[in-house]
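To start, the structure under review is shown below, and the notes come after it.
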Amino acid sequence: MRSSIHRWFAPILLVALLLLPLSTDRYVQYILNLVLVYVVIAIGLNLLLGYAGQFAFAHAALMGIGAYTAALLIYRLHWSFWIALPAAGIVATIIGSLGALPALRMKRVYLALVTLAFAELIQWVLIHWKELTLGTDGVKVAAPELFGWSFKGDHRMYYLLLAITVVLYVIGKRIVESRLGRSFVAIRENEIVAQCNGINIAFTKGVVFGLSAFYAGIGGAMFAITLGFIVPDGFGMFQLVLHFSIVVIGGLISMYGSVLGAIVLTTLPELLRGFQSVQEMIFGVLLIIFVIFMPFGLAGLGKKKGILPDEILSRNWRDLKKKHEASLAAGSGDKVKE
Amino acid sequence: MDALTLVVAGLANGSLYALVALGLVLIYKTQDVVNFAHGEVLMIGAFIGYIVFQLLGWSYPIALVIAVIACGVLGALIERIAFRPLSDQHHITLAMVTVGLSFALKGAARIPFGQDIYTFPPLFKDTPPIIVGTAVISPQSLVTIGVAVLLAAAMFVFFRSTTMGKQMRATQQNLMGARLVGINTGRIFSATWALACVAGGAAGVLAAPVSLLYPDMGANFLLKGFAAAVLGGFESVPGAIVGGLLIGVIEMLFGGYVSTAFQHLSAFVIIIIVLFIRPQGLFGRKAVHRV
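See the structure below:
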C-alpha cells in the first residue's frame, strides 16, 4: 500500500507542479518562483552545513556572486541567459571551493570568521566597484529567451525555474545517496575516523564547498531573473539568516528539509511584509527553538510521524547512539563507529 | 593628517574593538562558543545609554553605569536561558543559537527605534581639542581610552586576585577538573557572560557619541572585534586587547594615508591574512589536535 503511494508520488507531484500556474495570480506565482529559487539555494547550503557540517557564512555572498555574474553578463555583454547561467554556477564554484582552504587549515571557529569576513568583502565590492556592478543603483536583468520565445512574466518564468530546480534536486539527491554523500557525513561526524576509513579529506572538502557554491551560484542567477532587478543589499546578512533558517527549520541533512524550509520561509516573510522587526525576531526565535528542540527540523518531525519516508544518512544519530549505549549496557554490543 | 593624531584616534577606536574582542574571547574560552550576538549587546548598551542620557537627561557617567549593569544582567540571562541547557551540544548548534539571538535582539530593537538613525550628542561641545606637540586629540578619545583602560585593569585584578576570577580561569582551563574540585561551573558560566556583556555594553556607550545609533550598528563592531580577537589568538585576553588597539591604529593609518574608502575594509583583510598566515594569532599557541 505504502510503496504504491511512493511509486506514484513523484509523477503525481510533477504533474501537479506543472498544472499549478493555472490556479495562481501573478503575486502568488511570484512567491512560488521564489520558493523554487530557495529550494536550489537551500540544497546547496544543506550539503555544506547539514551533510558535511562545515559552518561557513559565505552562502549569501556566493549567491550574490552568481546573481551578479549572470546579471552582468546579460546586461553588459548581452550574453544569452543559457550561457550566463552555467557561467554563474562556475564562477561561484571556483570562488566557493577556495573556502575549503581555510576549512582544511584552521580550527573550526575560524572557518566561520574567515567566511564572514569574505562575505563582507564581497558585499563591499558589490557596493563600491561601481564601474562594474553599478553599485547601489542595481542591475536590471532581462528575461531569458529560448528560440525566440521569451520567459517574460512570472507564469512563464515558473516553467524555466521548475525545470532547473527539478534537475538540481535530482542531482543533489543522487549525490547524497552516493559514496560521496556518505563521505560528507563521515567528515561531519569525525574527520579522523573518516580519514582512517580512506576518505581523502582535502578532496572531499573541496568538492563539498564547490558543490555548495555551485548551487548558490545557480540559485543566485535564478534569483536575478525572478526579480528582474538586483541590488547588493539583497545579498547581505538578512539573506544569510534566511538561508540558515531555511535549512535549520526545514531540516538539516535532508533533501525534503531543503524543500520544506524553502516553502515555509519564503511564504512567511510575505505574510509579514513590511514588518522587518517582526520578521527578524521570528526568524531568530524560530532558529533558536528549532536548533534546541527540533535539530532535524520539519523534515525530521515528518519522518518521525511517518508522513515522510526515511532518507539515507539522515537517521537520527542520537537515537542510534542511545540504542548503542543501551546495547552496551546490556553487555551485548560491540563497538560501533560514531 | 598628522600621524600622531591618527594614532591617538586609532587607539580610541581600538579600545572599543578591544572591549568587544575581550567579551568574545571570554565567552569562547569558557564555553567554546563564538558569540555572533555580541554586536547586538553593544547596540543595546548604546541604546540604553541613549535613553538614560538623552531621554531621561541624566549624566553620562550614570548612563554608562546603568547601561553596563543592564548589559551584564542581559548576558547572565542569555546564558542561563539559552546556553546552559545546551552545554553539551555540537558547536554548530551553539553558534547557530547565537546567530538566531543576534537577529532576535536586532528585531526587538527595531520595534521601539524603527529604521531611524539616532545621534548621541557630543559630550564635549565647548571643550577645545587638546594639542600635544603636533597631535590634535579630542577629549572624547581620552575618555574612551581612559574608561577602556580602567575596565581592562579591573578585569585583570579580578582574574588575578578574586576567588571568582580564579575559579573562572580554572573553568576555562579544565571544565571537568573545575567541577571535580567543587567549582559551581554553572555560576561561572553566567558570570562569564555577564562580564563579557559588561565589556560589550561599555563599548556601546563609549561608541555612542562618536558613532550613529541604529539597530544594525553592531555588525561593524562585531567584525572589528572578531578581527581583534583573531589577531590576538582568540584565546588570550591580553591578545584581544593588543589586537583591538592594533586594528584601530592600522585602520586609522590606512584611512589617513591610503584611502578612506578602503578603511572599512582593512579589518576583513586583516582577518583573512592572519588566518591564512598565522592562524594561532599573535598570542595564541599552535593548536594540538587530540584524538
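Line order of the protein sequences matches chains Z and B.
Here the first sequence is numbered in this note's numbering, starting from -6 and rising by one per residue.
Here the second sequence is numbered in this note's numbering, starting from 144 and rising by one per residue.
Beta carbons are placed, not taken as given, at the ideal position from N, Cα and C, and that holds for glycine.
Just so we're clear, the structure is a prediction, and the values are computed from it rather than from any experiment.
Cα atoms of residue 56 (chain Z) and residue 123 (chain Z): separation of roughly 19 Å, rounded to the nearest angstrom.
In this structure, the alpha-carbon of residue 291 (chain B) lies about 11 Å from that of residue 348 (chain B). Interface flag for residue 287 (chain Z) against chain B is unset, since no Cβ pair is found closer than 8 Å.
Per DSSP, residue 185 (chain Z) has no beta bridge partner at all. Within chain B, the C-beta atoms nearer than 9 Å to that of residue 237 (chain Z) come from 239, 242 and 243, in chain order. At least one CB of chain B lies nearer than 8 Å to the CB of residue 106 (chain Z). B:368 is the residue among B:424, B:406, B:368 and B:313 whose C-alpha sits nearest the C-alpha of residue 167 (chain B). In the three-state reduction of the DSSP assignment, residue 72 (chain Z) falls in the coil class, being assigned neither a helical nor a strand state.
In chain order, 250, 253 and 254 make up the part of chain B whose C-beta sits under 7 Å from the C-beta of residue 270 (chain Z). Proximity to residue 354 (chain B) across B:338, B:224, B:415 and B:186 peaks at B:186, based on C-alpha coordinates. If you draw a 10 Å sphere on the C-beta of residue 214 (chain B), you find 16 or more other C-beta atoms in it, and that means buried. Minimum Cα-Cα distance from residue 412 (chain B) among the listed residues Z:255, Z:261, Z:106 and Z:133 corresponds to Z:106. Residue ranges of uninterrupted alpha helix (DSSP H) with 4 or more members, entirely inside the stretch 114 to 190 of chain Z and ordered along the chain, are 123 to 126, 147 to 169, 172 to 182 and 184 to 189. When rounded, the separation of the alpha-carbon atoms in residue 112 (chain Z) and residue 322 (chain Z) is 48 Å.
Within the DSSP bridge table, the entry for residue 262 (chain B) names B:355 as partners. Here DSSP, grouped into helix, strand and coil, assigns residue 238 (chain B) to helix.
From the listed residues Z:118, Z:175 and Z:222, the smallest Cα separation to residue 246 (chain Z) is found for Z:175. In the DSSP annotation of this structure, residue 51 (chain Z) is not part of any alpha helix (DSSP H), being labelled neither H nor E.
Under DSSP, residue 273 (chain B) shares a beta bridge with B:280. With fewer than 16 neighbouring CB atoms inside 10 Å of its own CB, residue 11 (chain Z) falls in the exposed class.
Rounded to the nearest whole angstrom, the CA to CA distance from residue 295 (chain Z) to residue 241 (chain Z) is 14 Å. Each residue's CA atom was taken as its position, placing residue 232 (chain B) and residue 378 (chain B) some 21 Å apart.
The beta carbons of residue 425 (chain B) and residue 398 (chain B) sit no closer together than 8 Å.
The beta carbon of residue 14 (chain Z) is closer than 7 Å to those of 22, 148 and 151 in its chain, skipping five residues each way along the sequence.
In the DSSP assignment, the residues bridged to residue 223 (chain Z) are Z:132. Straight through space, the alpha carbons of residue 351 (chain B) and residue 196 (chain B) are spaced by roughly 11 Å. With respect to the 8 Å criterion, residue 223 (chain Z) and residue 61 (chain Z) are classified as neighbours on the basis of their beta carbons. Rounded to the nearest angstrom, the gap between the Cα atoms of residue 337 (chain B) and residue 321 (chain B) is 19 Å.
For the pair residue 134 (chain Z) and residue 24 (chain Z), the CB atoms are not nearer than the 8 Å cut-off.
Membership of residue 406 (chain B) in the alpha helix (DSSP H) is indicated by the continuous run 403 to 406. Using a CB distance cut-off of 8 Å, residue 366 (chain B) counts as an interface residue toward chain Z. Buried is the label assigned to residue 239 (chain B), since at least 16 other Cβ atoms lie within 10 Å of its Cβ.
269, 270, 271, 272, 273, 274, 275, 276, 277, 278, 279, 280 and 281: these are the residues of the stretch 248 to 281 of chain Z whose beta carbon lies less than 8 Å from some beta carbon of chain B, given in chain order.
The alpha carbon of residue 315 (chain B) has as its nearest neighbour, out of B:323, B:332 and B:325, the alpha carbon of B:332. Residue state for residue 1 (chain Z) is assigned as helix, using DSSP reduced to three classes. By the criterion of a C-beta distance shorter than 8 Å, residue 393 (chain B) is surrounded in its chain by 153, 409 and 413, once the five residues flanking it on both sides are discounted.
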